[in-house]
Amino acid sequence: MAEDKRKKLSLIVFSGDMDRLFAAFSLAAGAAASGMDVVMFFTFWGLRALKKKTSTGRSLFGRLLGWFYGGDIERASPSRMRFGGIGRWMFKRMMKAKRVPSLAELRQTAIDLGVKMHGCQMSMSVMEIPQDALIDEVSACVGVAYFLEQAQESDVTLFI
Amino acid sequence: MAEDKRKKLSLIVFSGDMDRLFAAFSLAAGAAASGMDVVMFFTFWGLRALKKKTSTGRSLFGRLLGWFYGGDIERASPSRMRFGGIGRWMFKRMMKAKRVPSLAELRQTAIDLGVKMHGCQMSMSVMEIPQDALIDEVSACVGVAYFLEQAQESDVTLFI
Amino acid sequence: MAEDKRKKLSLIVFSGDMDRLFAAFSLAAGAAASGMDVVMFFTFWGLRALKKKTSTGRSLFGRLLGWFYGGDIERASPSRMRFGGIGRWMFKRMMKAKRVPSLAELRQTAIDLGVKMHGCQMSMSVMEIPQDALIDEVSACVGVAYFLEQAQESDVTLFI
Numbered sequence: 008m009a010e011d012k013r014k015k016l017s018l019i020v021f022s023g024d025m026d027r028l029f030a031a032f033s034l035a036a037g038a039a040a041s042g043m044d045v046v047m048f049f050t051f052w053g054l055r056a057l058k059k060k061t062s063t064g065r066s067l068f069g070r071l072l073g074w075f076y077g078g079d080i081e082r083a084s085p086s087r088m089r090f091g092g093i094g095r096w097m098f099k100r101m102m103k104a105k106r107v108p109s110l111a112e113l114r115q116t117a118i119d120l121g122v123k124m125h126g127c128q129m130s131m132s133v134m135e136i137p138q139d140a141l142i143d144e145v146s147a148c149v150g151v152a153y154f155l156e157q158a159q160e161s162d163v164t165l166f167i
Numbered sequence: 008m009a010e011d012k013r014k015k016l017s018l019i020v021f022s023g024d025m026d027r028l029f030a031a032f033s034l035a036a037g038a039a040a041s042g043m044d045v046v047m048f049f050t051f052w053g054l055r056a057l058k059k060k061t062s063t064g065r066s067l068f069g070r071l072l073g074w075f076y077g078g079d080i081e082r083a084s085p086s087r088m089r090f091g092g093i094g095r096w097m098f099k100r101m102m103k104a105k106r107v108p109s110l111a112e113l114r115q116t117a118i119d120l121g122v123k124m125h126g127c128q129m130s131m132s133v134m135e136i137p138q139d140a141l142i143d144e145v146s147a148c149v150g151v152a153y154f155l156e157q158a159q160e161s162d163v164t165l166f167i
Numbered sequence: 008m009a010e011d012k013r014k015k016l017s018l019i020v021f022s023g024d025m026d027r028l029f030a031a032f033s034l035a036a037g038a039a040a041s042g043m044d045v046v047m048f049f050t051f052w053g054l055r056a057l058k059k060k061t062s063t064g065r066s067l068f069g070r071l072l073g074w075f076y077g078g079d080i081e082r083a084s085p086s087r088m089r090f091g092g093i094g095r096w097m098f099k100r101m102m103k104a105k106r107v108p109s110l111a112e113l114r115q116t117a118i119d120l121g122v123k124m125h126g127c128q129m130s131m132s133v134m135e136i137p138q139d140a141l142i143d144e145v146s147a148c149v150g151v152a153y154f155l156e157q158a159q160e161s162d163v164t165l166f167i
């Protein structure tokens, strides 16, 4: 009977690096396409992947974050070979040449396939990112307890 | 009957970055608070989170590690926006302003809730960190085999 | 009856950093030695760990990757304390002094113990790494769907 249950994948997306986000959304979209339930939790730097616009906090730190880590998913840089933005441009060009979808396209595919996306409340508070700075498809912003519940029901859980 | 068993969370804490340690201890404390068994394994840079004092190895490499990666959990810097120590100071200030507990407080909460903490023997040997440089609450320093046993019994296992 | 089944460990190796690769191969070899089935998937920077020779792509990006991230497993640097290559040299020296096996030796041990190793097809395409640049022991280059299948059957799955 347990075999009838759909398999489930949970991802904590901590990183906001282009390459790690790419891995996260590829796994999420691939899993959803093969019939798994997928839940993603975005925390800290990973919240960039859910932003629909540049938001800047009010405190000095919030403003600094806006300057040095502002922008949405299109502004994510690879974790290696950044070269002051050139790495991002090269990776995008390369992926296009190989007909690999962009991060924003992969995210949309994941959403269309029913992947649930949540922001981490505590990081949003510390980093001064309001809910309305996130894309409308974000299901709800949740805490650690909610994530742990989901993870316990999951067959695979990854920290990215 | 299997349903009666307490759920279990295992974490390998490889990173010594402030933000990743924050994620690790939040998950550990949150899981323990909700009734899960929690085991944490600290390896490589993550060992910083267990240090009670600055220890310096005897070899050239050990001394270099002491200079460039010395200090305890309070000295952990965020993985992004380090700015030569300013990032750490800003994050701490920001967390305080939002009434978020500090890393050392979160670690103490985890300990009080019964989270087991282990150091990785091999990393301690390579990095020349003696057992007596770690906080007294460290249960025992163990090897890969012990971790794998715990992970097999766990419902959720993460590499942070 | 379920107890008769061998336990299984799946690893996604995303990082090509010396220290994270060391953690990955230690876990893999340790798990295989204790009788677990082990499958490793190497993606993005992690593909370096499977390279048998320096390969350089044809496009500008492929050539840049070759220059800045060329070389095989022996060229992997630690994630912290790189110091322009000195960190790698120091870690290697330190590990030798403590009689810890090198990365290449650990990889061979894992192979000898039956660990299965796969490259990620999409990363190999984007990064212009041909199959014949990888060591012969690579079982096959696979996609996300294959990995997800393996992960669903696994008792422990980690993203490194």
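Protein chains in written order, with this note's numbering: chain A, 8 to 167; chain B, 8 to 167; chain C, 8 to 167. All C-beta atoms, glycine included, are put in the ideal place defined by N, C-alpha and C. Please read all numbers here as calculations on a predicted model, not as lab measurements.
Query raised in the report: Can you tell me where the beta strand (DSSP E) with residue 147 of chain C in it begins and where it stops?
Result: 147-149
Query raised in the report: Hey, how far is the Cα of residue 202 of chain C from the Cα of residue 123 of chain C?
Result: Lying outside 8 to 167, the shown extent of chain C, residue 202 of chain C is not represented and no answer is given.
Requested in this report: Within its chain, find whatever has a CB closer than 6 Å to the CB of residue 2 of chain C; leave out the 5 residues flanking it on each side and keep chain order.
Outcome: With chain C covering only 8 through 167, there is no way to say anything about residue 2 of chain C.
**Report entry** Contacting residues, own chain, Cβ-Cβ under 8 Å from residue 134 of chain A (five flanking each side not counted)
**Finding:** 51, 54, 64, 69 and 72
Query - Contact list for the stretch 33-52 of chain A against chain C, Cβ threshold 9 Å - result: 33, 34, 36, 37, 38, 40, 41 and 43
Requested in this report: Have a look at the DSSP bridge pairing and note the partners of residue 164 of chain A.
Outcome: A:17
Requested in this report: Keeping to the same chain, check which residues put their C-beta closer than 6 Å to that of residue 162 of chain A; ignore five residues upstream and five downstream.
Outcome: 14 and 15
**Report entry** Contact set between residue 27 of chain B and chain F, taken where Cβ atoms lie within less than 8 Å
**Finding:** Absent from the structure is chain F; the protein chains it does hold are A, B and C.
Requested in this report: Quick one: grab the DSSP three-state call for residue 119 of chain A.
Outcome: helix
Query raised in the report: Residues of chain B with a CB under 8 Å from the CB of residue 162 of chain C: which are they?
Result: 158 and 159
Query raised in the report: Going along the chain, which residues of its own chain have a beta-carbon closer than 8 Å to the beta-carbon of residue 143 of chain C, five neighbours each way excluded?
Result: 59
Query raised in the report: Using 8 Å as the Cβ pair cut-off and three pairs as the minimum, do the stretch 20-30 of chain C and the stretch 86-104 of chain C touch?
Result: yes
**Report entry** Other residues of its chain near residue 43 of chain C: CB distance less than 7 Å, five sequence neighbours each side excluded
**Finding:** 13, 14, 15 and 16
Query raised in the report: Would residue 129 of chain B count as contacting chain C if we go by Cβ distances under 8 Å?
Result: yes
Query raised in the report: Which residues in the same chain have their Cβ closer than 8 Å to the Cβ of residue 21 of chain A, if we skip the five residues on either side of it in sequence?
Result: 50, 51, 52, 53, 166 and 167
Query raised in the report: Is it true that the CB of residue 80 of chain B sits closer than 8 Å to the CB of residue 34 of chain B?
Result: no
Query raised in the report: What runs of the alpha helix (DSSP H), each 4 residues or longer, lie entirely inside the stretch 88-137 of chain B?
Result: 93-104, 110-119 and 128-133
**Report entry** Inter-residue Cα distance where the pair is residue 157 of chain B and residue 45 of chain B
**Finding:** 10 Å
Query - Best match in B:36, B:47, B:97 and B:102 for proximity to residue 151 of chain B [C-alpha to C-alpha] - result: B:47
Query raised in the report: How would you write the range of the beta strand (DSSP E) that residue 47 of chain C sits in, first residue to last?
Result: 44-49
Requested in this report: For residue 100 of chain B, return the contacting residues in chain A, with the cut-off set at a CB-CB distance below 8 Å.
Outcome: 68
Requested in this report: Pull up the distance between the alpha-carbon of residue 115 of chain C and that of residue 146 of chain C, whole angstroms please.
Outcome: 14 Å
Query - Presumed contact (8 Å Cβ cut-off) between residue 149 of chain C and residue 128 of chain C, rounded CB distance - result: 6 Å
Query - Neighbour flag for residue 133 of chain C against chain A, beta carbons, 8 Å - result: yes
**Report entry** Interface partners of residue 167 of chain C on chain B, CB under 7 Å
**Finding:** 166
Query raised in the report: When the Cα of residue 118 of chain C is compared with those of C:83, C:36 and C:31, which residue comes out closest?
Result: C:36
Query raised in the report: Out of curiosity, what's the CA-to-CA distance linking residue 105 of chain B and residue 82 of chain A?
Result: 27 Å
Query raised in the report: What residue range is occupied by the uninterrupted alpha helix (DSSP H) comprising residue 73 of chain C?
Result: 67-76
Report task. Using 10 angstroms around the beta-carbon of residue 67 of chain C, count the other beta-carbons present and answer buried if the total reaches 16, otherwise exposed. Result -> exposed
Requested in this report: Please report the Cβ distance between residue 120 of chain A and residue 40 of chain A, rounded to the nearest whole angstrom; I am assuming they are in contact, meaning their Cβ atoms lie under 8 Å.
Outcome: 6 Å
**Report entry** Straight-line Cα distance separating residue 126 of chain A from residue 137 of chain A
**Finding:** 10 Å
Requested in this report: Within 10 angstroms of the Cβ of residue 75 of chain B, are there 16 or more other Cβ atoms? Answer buried if so, exposed if not.
Outcome: exposed
Requested in this report: Determine, using beta carbons only, whether residue 90 of chain B comes closer than 8 Å to chain C.
Outcome: no
Query raised in the report: What are the partner residues of residue 141 of chain C, as DSSP defines its beta bridges?
Result: C:58
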